[in-house]
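>
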Amino acid sequence: MSLIYQSQVEELICRLYEEAAIKLPVDVKKALQDAYDLEEDQTALLNLDAILENIKIAEEKNLPLCQDTGLPIIFVKMGKVQVENLKEGIINGVKKATEEVPLRPNVVDPLTRKNTGNNIGRFIPQIDIELVDTDQLEITIFPKGFGSENNNALKMALPGEGEEGIKQFVLETVLSAGGKPCPPIVVGVGIGGSSDMSLKLAKKALLRKIGEHHSEERMANLEREMLEMVNATGIGPMGLGGKTTALDVKIEYADTHTAGLPIGVCIQCWAARRATGILK
Ligand code: SF4
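Note that my numbering has the sequence shown beginning at 174, numbered continuously upward.
Here it is in structure tokens:
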């Protein structure tokens, strides 16, 4: 079994944070360009043009593409490897990225609102560890802006509400969010599990590339139907009207209790940042 050192984790976290903060993934950039090519409304075109220009300038000048560099959320897929001080490696990597990229210090005490100054805090960075059957350590940085995060929602639906209930709740959540989450958005939908699990599934669903549907046809169809439904709202880029309110809808699901149907909705903004790296 290979040994991964703390310094390797620190370096990777810092590099991935820089990549995520400055450069959007290719699939997200393509989806935004496709939205521009499809659009006819002049205001929507103006907004999409500003977003595309923003992305270009950030890359050229090596600067974060939005002033809100997000709450540090780290997804770890841990295979059969030994890692030296994983937690410390992640924390030091986030501290280093905060100084070097630089990232805006966003982390505060929830009540006093005192800023910790380095994006580290109690239970932050938020680390999600999934044990997998590989021989590597996979780390994904998911910096989450709160203009979008503030619009997430949970419903403990009744089992009988079924697919229609899920669609209705997603639509209600998107309508109530309107222009607040900086559309075009990506909508993550978590179905089943427990209350907290459904929200986590919704967030994990956002790790899938734009245009890549769920591997199960029934879920892929539901994703397509919900994307059409969300775009029919006409909320449009930055909430000022247009054809593209969402670039995609992503579902992840888990089996659940016979008495319930938890539905978690996690909204991602156009700055759908993520970066993944592997250590062996
Ligand atoms: S919601 Fe996204 S695009 Fe809007 S300010 Fe926050 S991070 Fe930036």
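Where a beta carbon is used, it is the ideal one built from N, C-alpha and C, also for glycine.
With distance defined between alpha-carbon atoms, name the residue in L244, K260, Q179 and R188 nearest to N235.
R188
> If the criterion is Cβ atoms closer than 8 Å, does the pair S131 and L327 meet it?
The shown model of the chain, from 174 to 453, leaves out residue 131, and the question about it has no answer.
> How big is the Cα-Cα spacing for I224 and T431?
Going by the C-alpha atoms only, they are around 44 Å apart.
> Taking the straight line between their C-alpha atoms, what separation do you get for D200 and T313?
16 Å
> In chain order, what residues have a CB nearer than 5 Å to some heavy atom of the ligand SF4?
C239, D241, G318, G320, S321, C355, C442 and A444
> So is A204 buried or exposed if we call it buried at 16+ other beta carbons inside 10 Å?
buried
> Answer with buried or exposed for N323, where buried requires no fewer than 16 other C-beta atoms within 10 angstroms of its C-beta.
exposed
> Thinking C-alpha only, which one of V182, K377, G412 and F315 is nearest L218?
G412
> For a test of the three-state rule: what should DSSP assign to I302, helix, strand or coil?
Strand at I302.
> Helix, strand or coil for I339, going by three-state DSSP, please let me know.
The three-state reading of DSSP puts I339 in helix, counting H, G and I together.
> Below 8 Å on the Cβ atoms is my contact criterion, and I expect A445 with P316 to pass it. Report the Cβ-Cβ distance as a whole number of Å.
With 8 Å as the limit, A445 and P316 do not qualify as a contact, their Cβ atoms being about 10 Å apart.
> Taking the C-alpha atoms as reference points, what is the distance between G318 and A393?
27 Å
> For H386, tell me which candidate among I424, M370, I358 and G409 has the shortest Cα-Cα distance.
If we check each option's Cα against that of H386, I424 comes out closest.
> What runs of the alpha helix (DSSP H), each 4 residues or longer, lie entirely inside the region 194 to 257?
199 to 211 and 215 to 234
> Taking the alpha helix (DSSP H) that L374 belongs to, which residues open and close that run?
S368 to A378
> Spell out the partners DSSP gives P435 in its beta bridges.
For P435, DSSP records a beta bridge to M329.
> Helix or strand or just coil, what does DSSP make of N291?
coil
> Can you give me the Cβ contacts of L348 inside the same chain, cut-off strictly under 8 Å, excluding the 5 residues immediately before and after it?
By the criterion of a C-beta distance shorter than 8 Å, L348 is surrounded in its chain by T406 and I408, once the five residues flanking it on both sides are discounted.
> Can you tell me whether E311 is helix, strand or coil according to DSSP?
strand
> Does L331 pass the burial test, meaning 16 or more other C-beta atoms within 10 Å, or should it be called exposed?
exposed
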